[in-house]
Structures are given as C-alpha cells and as structure tokens.
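I have placed the structure first, in the form of structure tokens, so that the comments after it can refer back to it.
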Amino acid sequence: MDNNTFSTVSNTIKNRRSIKPAMMNGNKIPNGHVAALLELADWAPNHGNTQPWQFVVYADPAKFCEQHAALYQQNTVAENFNPTTFNNLTHIGDKVSHIVIASMKRGDLPKIPPFEEIVAASAAVENLLIGATALNIASFWSTGGMTLRPEFKAFLELGDDDNVLGILYLGYADEHPEGKRKVPVADKVKWVE
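The opening position of the sequence shown corresponds to residue 23 in my numbering, with each subsequent residue numbered one higher.
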C-alpha cells in the first residue's frame, strides 16, 4: 500500500460521522450506491468464513418506520406506551434515503463463539459506514429500543442465537459535524517492546 492509498483510507475513516436522521436532507441515494456499500460490508473479516452478517434494505424508509412503530405499539403494555416514541418511530425516516437493518445470523460452525460472529458482523457494518463516508453519504447506526426485543428478532425471522446489530439510516446531509476524540489514542494503547 502506498502513502496515497493510506492517506485516502485514513481521511475517510477519520471523517466518518454519526449524522442523525433529522439532519439528513431527503435526497435519494441511487440504489446502486447502496448495493456497492453492501458489497464492501461483505468483505469483513471473520473466523471460519461463516460470513454471519445479514442486511434488510428498505429503499422506502416510510414502510419500515410504519412497521417499526406498529411493532412498538403492539408489544408495549398500555401503561408504558409513549405516544411521543410512537410518533418519533413513525417519522424518524422522513429525511432518510434508505434504511438498512443489520443482523448477525449465526453461522453453521458451533465451534465459533457467538462473540466472534457478532464482532465479524459489526466489522461488516463498519465497512459499510466507511464506504458511505467515501461516497459522501451520511449515516447513523441506531441501537437499543425495539432492536433489543425478541419481537424485533421475530419480525426479521431471526433465530434465538442471532442478534440484531442495529438500524442504519442512510441519506445525504448538507452539514457534517467536526469530529473529536475525548481521550487521546496514547491513553488507550500500551506498547510492549
């Protein structure tokens, strides 16, 4: 790898940002670009070549948002139901181009620990996010909420040993926040000579 290649890769990684869906501008990403990002995701490293990543792509974000909000409503007891959460889930994709749900689908090699499958699928997600940055596509990796519930796994037809890694919101944005690191890299690394 030459210095120019390293510099390009380094700048792309350092310029990746989480840009919330509300900050996206509603412009559509060509489906071919999203397919190219999924191709990058497919090159993630993994033990045993199980390739445990799985993606569901919504080119119509409103369709997923309606389904997500309905899942929340159907699986939340009345005293815990929050109309604001329901409304937010319904409209979070209003300015988004595509929604990608990322999952770890357990491979068929039981000797591979589940943790290794999760980190491999997470590496696939990171490949996708870095590729998005290279194409000037804004992204937001959302976790928590319904994605942690068994009903969401059932919605995706995932098994008990599978995991939802999150919802990726993709779109274009007019502004990109400046990056920052709270802890210097030197404080996170121990060199052994």
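Note that CB positions come from ideal geometry on N, CA and C, so glycine has one too.
* Asked: Within the chosen definition, does the stretch 97-113 reach the stretch 144-158 through at least 3 CB pairs nearer than 8 Å?
  -> no
* Find the nearest neighbour of residue 191 within the set 31, 40 and 36, judged by alpha-carbon distance. => 40
* Asked: Quick one: is residue 155 buried, meaning 16 or more other Cβ sit within 10 Å of its Cβ, or exposed?
  -> buried
* Taking 8 Å as the CB-CB limit, is residue 129 close to chain D? -> In the displayed structure, chain D is absent; only one protein chain is listed.
* Which partner residues of residue 120 appear in the DSSP bridge assignment? -> 192
* Under a three-way DSSP split, which group does residue 162 fall into? -> strand
* When burial is assigned at 16 or more other CB atoms within 10 Å of the CB, is residue 137 buried or exposed? -> exposed
* Asked: Nearest to residue 180 by CA position, among 129, 69, 83 and 110, is which residue?
  -> 129
* In chain order, what residues of the same chain have a beta carbon less than 7 Å from the beta carbon of residue 173, not counting five sequence neighbours either side? -> 93 and 97
* Got a sec? Which residues, its chain only, sit under 7 Å from residue 189 by beta carbon, not counting five neighbours each side? -> 121, 123, 164 and 169
* Rounded C-beta distance between residue 184 and residue 127? I'm assuming under 8 Å. -> 5 Å
* Mind checking residue 186: buried by the 16 CB within 10 Å criterion, or exposed? -> buried
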